[in-house]
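Novice:
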Amino acid sequence: MLGHLVSDDAAAMALALQQASLALGHDDVPVGAIIVRHGVVIAARHNERELTGDPTAHAEVLAIRDAAEHIGHWRLEHCTLYVTLEPCTMCAGALVNSRVPRVVYGASDPKAGAGGSVYNVLADARLNHRCDITSGPMQHECGTILREFFAKRRKSPSPHDSGPTDLAATNTGDESA
Ligand code: ZN
Numbered sequence: 002m003l004g005h006l007v008s009d010d011a012a013a014m015a016l017a018l019q020q021a022s023l024a025l026g027h028d029d030v031p032v033g034a035i036i037v038r039h040g041v042v043i044a045a046r047h048n049e050r051e052l053t054g055d056p057t058a059h060a061e062v063l064a065i066r067d068a069a070e071h072i073g074h075w076r077l078e079h080c081t082l083y084v085t086l087e088p089c090t091m092c093a094g095a096l097v098n099s100r101v102p103r104v105v106y107g108a109s110d111p112k113a114g115a116g117g118s119v120y121n122v123l124a125d126a127r128l129n130h131r132c133d134i135t136s137g138p139m140q141h142e143c144g145t146i147l148r149e150f151f152a153k154r155r156k157s158p159s160p161h162d163s164g165p166t167d168l169a170a171t172n173t174g175d176e177s178a
């Protein structure tokens, strides 16, 4: 996936969704993120919180770290981050701090989203950087993989489950981007 050329937002989100599906292999919440720079994928990661036991191992944070290493600088200029689920406050903060110019997310998260749903950390005028936000590409697919994951987990909860409703209300609705 690294080095792939992507032509548009839908193609990029399809790759992020592929990453999300990899998280299922270790019972992590299926969220995937890629970072594209000048049309080329330079980072592709998925949620590894359960796999690593690291509470900060969200897809976006891991992708930001990889991209910074690739570029050789903390400032991720000319980059777009694609993520299947609206970023949380932690990831939105990391995106602001990495100066990512543009963020595209698939499904919105009406319970914890920090890209406009609950908070708007990505575009808060009080901060020293604001990201352009696009929401909605492949939102149905991005939400379906989450809904299926949580439906399955409700039937056989993991010992680390943070609660049966965690993210279960993820919005995959039909509202336009
Ligand atoms: Zn996050």
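Numbering (my numbering), first residue to last: 2 to 178. Virtual Cβ for every residue (Gly too), placed ideally from N, Cα, C.
Which residues in the same chain as histidine 5 place their Cβ atom closer than 6 Å to its Cβ, once the five residues preceding and following it in sequence are excluded?
Specialist: The residue given as residue 5 occupies position 4 in the sequence shown. Once the five neighbours on either side are set aside, the close Cβ partners of histidine 5 are Val42.
Novice: I'd like to confirm the pairing. Which residues does DSSP put opposite isoleucine 65 in its beta bridges?
Specialist: Your numbering for residue 65 matches position 64 in the sequence shown. In the DSSP output, where bridge partners are listed per residue, isoleucine 65 has none listed.
Novice: Which stretch, first to last residue, makes up the alpha helix (DSSP H) that contains serine 22?
Specialist: Numbered from 1 along the sequence shown, position 21 holds the residue referred to as residue 22. 10-24 is the extent of the alpha helix (DSSP H) around serine 22.
Novice: Leaving aside the five residues before and after alanine 11 along the sequence, list all residues of the same chain whose C-beta is less than 8 Å from its C-beta, in chain order.
Specialist: As a position in the sequence shown, residue 11 is number 10, starting the count at 1. These residues qualify, in order along the chain: Pro138 and Met139.
Novice: Within 8 Å: the Cβ of proline 111 and any heavy atom of ligand 1?
Specialist: As a first step, residue 111 must be located in the sequence shown, where it is residue number 110. No.
Novice: Determine whether the beta carbon atoms of threonine 123 and leucine 86 lie at a separation below 9 Å.
Specialist: For the purposes of this step, residue 123 is taken as the residue at position 122 of the sequence shown. For the purposes of this step, residue 86 is taken as the residue at position 85 of the sequence shown. Correcting the residue identity first, residue 123 is leucine in this sequence and not threonine. Not a contact, by the Cβ cut-off of 9 Å.
Novice: Taking the alpha-carbon positions, what's the glutamate 149 to cysteine 80 distance?
Specialist: If you number the sequence shown from 1, residue 149 lands on position 148. If you number the sequence shown from 1, residue 80 lands on position 79. So the two alpha carbons sit approximately 31 Å from each other.
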